Amino acid sequence: MKNFLIKFGFIVALLVLVRPVYGNVSLVVLGDSLSAGYGMSQQQSWVGVLQQRWQQTQPSIELINASISGDTTQGALNRLEGILKTHQPDAVLVELGGNDGLRGFTPTTIKANLRQIIERLQADDIKVAVSQIRIPPNYGQRYSQMFADIFPELTSATNTVLVPFFMEEIAMKPELMQNDGIHPNREAQDDIADIMEPHLLELLDQ
Numbered sequence: 001m002k003n004f005l006i007k008f009g010f011i012v013a014l015l016v017l018v019r020p021v022y023g024n025v026s027l028v029v030l031g032d033s034l035s036a037g038y039g040m041s042q043q044q045s046w047v048g049v050l051q052q053r054w055q056q057t058q059p060s061i062e063l064i065n066a067s068i069s070g071d072t073t074q075g076a077l078n079r080l081e082g083i084l085k086t087h088q089p090d091a092v093l094v095e096l097g098g099n100d101g102l103r104g105f106t107p108t109t110i111k112a113n114l115r116q117i118i119e120r121l122q123a124d125d126i127k128v129a130v131s132q133i134r135i136p137p138n139y140g141q142r143y144s145q146m147f148a149d150i151f152p153e154l155t156s157a158t159n160t161v162l163v164p165f166f167m168e169e170i171a172m173k174p175e176l177m178q179n180d181g182i183h184p185n186r187e188a189q190d191d192i193a194d195i196m197e198p199h200l201l202e203l204l205d206q
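Following my numbering, the numbering of the sequence shown begins with 1 at its first residue and continues without gaps.
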């Protein structure tokens, strides 16, 4: 009986000392319309889907959607301080650049804005992941390739995580796209959540 109590006490002590992998952390999604849920409520967006899912499966993670439809890298940079002050995140997914590219902003400008966002987050020891973004060849193949190259080059230079562009899987299925051919519809949001969930958990687990 004495040995049993000693072993039992030892197990209880271990359970108390071992922290959950994702205990008491917050993760901000800093994005544009692809994450804000264009054409639907934020609760219906893929981030909203994950928020509801994690309330059951990962209740210690606070997932915050700081995405705004139409936002650019400069716009996100301008509002970054307010986001950090309000939410004090442990990790941030940056899903930005698409609107810059569709407006023909120079790759140099886009890259510089994203670098400022990343370096500001890193200054607070915040974990950072950046989503690869691709755009249609509206401004020619050369521009589209220069734009796409921004993301692997930048994440390599800043030692941040590059996350594959979730729209590459979604855009191939017309039934998951809105009529504009750019934005995913409501039916796509669960699929995007499934695609993004392991990447976000891996970011938190770094």
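Yeah, the Cβ is synthetic: ideal placement off N, Cα and C, and Gly gets one too.
The model shown is predicted, which means the values in this text are computed figures rather than measured ones.
Next on the checklist: Per DSSP, what are the beta-bridge partners of K127 in this structure?
Outcome noted: A91
Next on the checklist: Three Cβ pairs or more, each shorter than 8 Å: is that satisfied between the region 125 to 143 and the region 85 to 105?
Outcome noted: Judged by Cβ distances under 8 Å, the region 125 to 143 makes contact with the region 85 to 105, as three or more pairs qualify.
Checklist entry - CA-CA distance, I135 and A148? => result If you take the alpha carbons of I135 and A148, they lie about 8 Å apart.
Next on the checklist: Report the start-end ranges of each alpha helix (DSSP H) in the region 34 to 79 that is 4 residues or longer and not cut off at the edges.
Outcome noted: 46 to 57
Next on the checklist: Please identify the residue among Y143, S45, A123 and T86 whose C-alpha is closest to the C-alpha of R103.
Outcome noted: Y143
Checklist entry - Secondary structure at G181, three-state DSSP: helix, strand or coil? => result coil
Item to check | Inter-stretch contact at 8 Å, needing at least 3 Cβ pairs: the region 110 to 121 / the region 152 to 163 | outcome: yes
Item to check | Which listed residue (D71, A66 and N24) has its alpha carbon closest to that of S60 | outcome: Ranked by Cα distance from S60, the first of D71, A66 and N24 is N24.
Item to check | Identified DSSP bridge partners for G31 | outcome: Listed as beta-bridge partners of G31 by DSSP are E95.
Item to check | Beta-carbon proximity check, I192 vs P184, cutoff 8 Å | outcome: yes
Item to check | Nearest-angstrom Cα separation, counted from S67 out to R79 | outcome: 11 Å
Checklist entry - Are the CB atoms of L30 and A76 nearer to each other than 8 Å? => result yes
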